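As structure tokens, the structure follows; a few thoughts come after it.
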Amino acid sequence: MRVSVRINGRRCEADVEPRTLLSDFIRHEAGLTGTHVGCEQGVCGACTVQLDGEPARSCLMLAVQADGRELRTVEGLADGETPHPLQSAFEQTHALQCGFCTPGMLMTLDALLRRRPDAGEAEVRAALGGNLCRCTGYAAIVEAVRLAQEEG
Numbered sequence: 001m002r003v004s005v006r007i008n009g010r011r012c013e014a015d016v017e018p019r020t021l022l023s024d025f026i027r028h029e030a031g032l033t034g035t036h037v038g039c040e041q042g043v044c045g046a047c048t049v050q051l052d053g054e055p056a057r058s059c060l061m062l063a064v065q066a067d068g069r070e071l072r073t074v075e076g077l078a079d080g081e082t083p084h085p086l087q088s089a090f091e092q093t094h095a096l097q098c099g100f101c102t103p104g105m106l107m108t109l110d111a112l113l114r115r116r117p118d119a120g121e122a123e124v125r126a127a128l129g130g131n132l133c134r135c136t137g138y139a140a141i142v143e144a145v146r147l148a149q150e151e152g
């Protein structure tokens, strides 16, 4: 099947098997490897991208379901060479260690802050409820959001 998706502002088209996962389309057809695949069951959140502006688990969607839609991956957060405020804040607060979960967290948090720029700690923690991190705990991640809100 022919799939055409706008990813980070650029059109990506490919012929895919109907069963191709969106995460595989992003990584293999678009060549964007920032979207990580962890559990392949939608539990860990590492594969989170934004589909039409809302967080979506790319390991639970078929590529054909995204046909004709707008997709944003972690590669689309930065403005050229300038990191997104969340990316800078994650670095400044040491909110990542291995970094495997970070792309999904950034995509989740970016969507939250676009909807609720003044989101409090409880909202941030609730939004992160579907993103698992085994390295850092969440204190530094929540602190990074606060810093990004201040600088944003």
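Numbering follows full-length UniProt numbering, with no gaps: position 18 of the sequence shown is 18. A virtual CB, placed ideally from N, CA and C, is assigned to each residue, including glycine. Quick caveat, the model's predicted, so the values are computed rather than measured.
Exercise. Taking the continuous alpha helix (DSSP H) assigned at glutamine 92, which residues delimit it?
Worked result: 85–92
Exercise. Can you tell me whether DSSP reads arginine 115 as helix, strand or coil?
Worked result: helix
Problem set entry | Supposed contact pair valine 5 and aspartate 67 - C-beta distance, whole angstroms, cut 8 angstroms | 7 angstroms
Exercise. Touching or not, the region 119–126 and the region 86–106, by the rule of three or more beta carbon pairs under 8 angstroms?
Worked result: no
Exercise. How is the alpha helix (DSSP H) around glutamate 143 delimited, first residue to last?
Worked result: 139–151
Problem set entry | Meets three-Cβ-pair contact criterion under 8 angstroms: the region 85–100 and the region 133–149 | yes
Exercise. Beta-carbon separation of alanine 111 and glycine 53 under 8 angstroms?
Worked result: yes
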